[in-house]
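All remarks here apply to the structure that follows.
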DNA sequence: TAGCATAACTTGTATATACAAGTTATGCAA
DNA sequence: TTGCATAACTTGTATATACAAGTTATGCTA
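Residue numbers (this note's numbering), protein chains in the order written: chain A, 626 to 862; chain B, 626 to 862.
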């Protein structure tokens with residue numbers, strides 16, 4: 626059985642997305658929702674909390690839950706969205722080209738960031754991302770071989786996250802991400818359509834599994850004019 | 626009386642920060658904490674949820690709550706951190722210089738983004754941020770005059786958020802943020818120490834109050850080599 | 001000893017109840 | 001009509017209980 630609060634979340638999220646409930650309006654009260662879904666108020670509140678965290682609604686004590694504008698709504702919560710998802714929201718033609726996939730022995734920098742044994746087998750995956758025909762993003766992924774033994778070029782060309790979660794049953798838990806601007810290297814210029822750009826936006830991210838082990842390290846280089854990062858931050862404290 | 630779960634959160638967060646509880650170790654179980662704080666399990670769970678959201682711990686069903694590494698812990702949750710906070714975590718000399726503060730009548734673009742009446746009074750605040758003596762960040766803030774009537778240059782030179790929250794009692798609720806790279810304008814080059822850089826990282830953010838009204842719009846231009854954005858994303862769904 | 005079922009933990013979900021705190025509409029009184 | 005107390009909403013916090021689901025250690029059995 627699917628979790629109840631998740632089901633309520635999905636249903637309400639869809640109603641907001643399809644504008645069945647319009648922005649600016651109030652959601653039905655917690656008590657009404659409790660009755661409608663034949664559940665307890667706490668369960669409804671968990672669903673509403675999720676909606677709030679993901680930018681669908683804004684809760685106001687004493688008033689109710691206001692539905693927020695959705696047109697500019699950023700992706701779930703930045704940081705774990707794949708290129709595929711990203712392109713779905715923009716309306717562009719997207720291609721992914723695997724330029725290399727090899728299994729190497731970890732050493733030096735990679736061994737250090739992945740926190741694995743010296744010489745442990747590690748997938749090194751290079752992917753070139755094209756947006757409307759132009760090569761504008763270059764990804765280098767490093768992931769532990771023992772955790773994704775069946776990786777192939779075909780799989781890698783699709784969404785890696787989908788493969789990890791659906792096929793391997795690994796559940797990705799959280800990611801740390803850093804965004805900086807760096808000088809384009811000679812090899813970057815050879816691979817990507819950089820035009821006269823001399824700098825690249827570099828996104829480095831570490832993906833952790835549920836057991837807190839570091840699983841994947843990615844360096845993603847973006848042509849500056851095609852880079853866009855959207856973030857939705859909520860005040861917690 | 627302070628909220629109980631918040632108090633528990635503060636206490637545990639401090640213990641993690643001061644490494645009284647070390648990274649990699651498990652937190653006491655929910656039942657133990659319930660007893661220790663003489664409260665109910667749900668209250669403890671709310672505190673733990675906050676700790677998890679802010680990257681202090683990682684909850685694992687059946688095992689417990691693992692304390693995460695804190696050294697690389699990014700700022701609270703990106704998006705609402707002020708320049709002052711940012712500089713505190715890095716160890717650099719920081720200066721803020723208010724280059725202009727004026728109250729203008731809203732029109733055109735600004736009237737549109739702030740969603741206010743044509744001609745409504747709006748503060749326009751320009752600030753130059755220096756890092757170790759170099760002018761590397763230029764902020765333009767626009768905020769509704771009626772919500773911050775007593776703004777002065779002195780206040781603006783400090784942290785605006787502190788002023789809004791502590792002095793005016795306004796509670797900031799959430800912010801949308803966009804990060805892109807754009808060509809440096811002639812006036813940018815005149816104001817900032819750009820060297821040979823031709824592009825700037827531009828962060829545009831909208832700050833909302835609890836009643837979901839847009840309150841402040843900020844455009845922050847960063848010299849690319851001094852820009853760094855850190856994000857901590859947690860899988861929600 | 002080795003293997004395995006099980007007991008004893010852990011966190012996750014769902015329910016019910018009570019009252020606090022904030023907002024809004026009602027309706028009485030001046 | 002105006003003003004104000006109040007009632008009737010809303011969401012927020014705190015508590016108690018029950019069972020599900022996942023992990024780990026115990027200890028029995030072969």
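Just so you know, even glycine gets a beta-carbon here, dropped at the ideal spot from N, CA and C.
Give me the subset of the segment 807-831 of chain A whose CB atoms are less than 7 Å from a CB atom of chain B, sorted by chain position. Cβ contacts with chain B: 824, 826.
Among 846/B, 840/B, 662/B, 679/B, the one whose alpha carbon lies nearest that of residue 800/B: Nearest C-alpha to residue 800/B: 840/B.
Residue 846/A classed as buried or exposed, judged by whether at least 16 other C-beta atoms fall within 10 angstroms: Classification of residue 846/A: buried, given that the 10 Å Cβ count is 16 or more.
Residue 705/A versus residue 660/A: straight-line alpha-carbon distance, rounded: Reliability fails at residue 705/A, whose pLDDT of 40 lies under 50, so the model's placement of it is uncertain and the value that follows must be treated cautiously. The straight-line gap from Cα to Cα measures roughly 35 Å.
So residue 689/B and residue 652/B are in contact, right, with Cβ under 8 Å, and what is the actual spacing, rounded? Confirmed, Cβ separation roughly 6 Å.
Just to make sure I have the definition right: I need the residues of chain B whose C-beta is within less than 8 Å of the C-beta of residue 850/A. Which are they? Neighbours of residue 850/A on chain B, chain order: 806.
Output the residue ranges of the alpha helix (DSSP H) runs that lie fully inside the segment 740-793 of chain A and measure 4 residues or longer, sorted by chain position. Whole alpha helix (DSSP H) segments, 4+ residues: 778-782.
For the pair the segment 733-745 of chain B and the segment 757-771 of chain B, tell me if three or more CB-CB distances fall below 8 Å. By the C-beta criterion, the segment 733-745 of chain B is judged to be in contact with the segment 757-771 of chain B, since at least 3 inter-stretch pairs fall below 8 Å.
Reference residue 687/B, options 629/B, 777/B, 655/B, 739/B, closest by Cα: Ranking the options by Cα distance to residue 687/B, first place goes to 655/B.
With distance defined between alpha-carbon atoms, name the residue in 736/B, 668/B, 682/B nearest to residue 628/B. Out of 736/B, 668/B, 682/B, the CA that lies nearest to the CA of residue 628/B is found in 668/B.
Measuring CA to CA, which of 829/B, 637/B, 683/B, 722/B is closest to residue 761/B? When only C-alpha atoms are compared, the closest one is 722/B.
Are the CB atoms of residue 804/B and residue 832/B within a distance shorter than 9 Å? Result no, Cβ atoms of residue 832/B and residue 804/B do not sit closer than 9 Å.
Can you check DSSP and say which residues form a bridge with residue 630/B? DSSP links residue 630/B through a beta bridge to no other residue.
I'd like to know whether the C-beta atoms of residue 765/B and residue 750/B end up nearer to each other than 9 Å. Yes, they are a contact pair.
Have a look at the DSSP bridge pairing and note the partners of residue 829/B. DSSP, once it has assigned bridges, lists 803/B, 844/B as partnering residue 829/B.
Within a Cβ cutoff of 7 Å, which residues of the same chain sit near residue 807/B, ignoring the five residues on either side of it in sequence? Excluding sequence neighbours, residue 807/B sits near 824, 825, 827.
Counting contacts by CB-CB distance shorter than 9 Å, is residue 583/A in contact with chain B? The question about residue 583/A has no answer, for chain A in this structure spans 626 to 862.
Return yes when the Cβ of residue 758/A is within less than 9 Å of the Cβ of residue 720/A, no when it is not. For residue 720/A and residue 758/A, yes; Cβs fall inside 9 Å.
Three-way DSSP call (helix, strand, coil) for residue 850/A in this model: The three-state reading of DSSP puts residue 850/A in helix, counting H, G and I together.
Give every residue of the same chain whose Cβ lies closer than 6 Å to the Cβ of residue 715/A, excluding the five residues on either side of it in the sequence, and list them in chain order. Per-residue confidence for residue 715/A stands at a pLDDT of 45, beneath the threshold of 50, marking its modelled position as unreliable; no derived number is given.
Go to residue 671/B, then tell me how far its alpha helix (DSSP H) extends in each direction, as first and last residue. 666-678 is the extent of the alpha helix (DSSP H) around residue 671/B.
Helix, strand or coil: which one does DSSP assign to residue 643/A? Looking at residue 643/A - three-state DSSP - the assignment turns out to be coil, as it is neither helix nor strand.
According to DSSP, residues forming a beta bridge with residue 808/B: Beta-bridge analysis with DSSP links residue 808/B to 824/B.
So, with DSSP's three-state summary, where would you put residue 685/A? Assignment of residue 685/A by DSSP, reduced to helix, strand and coil, places it in the strand class.
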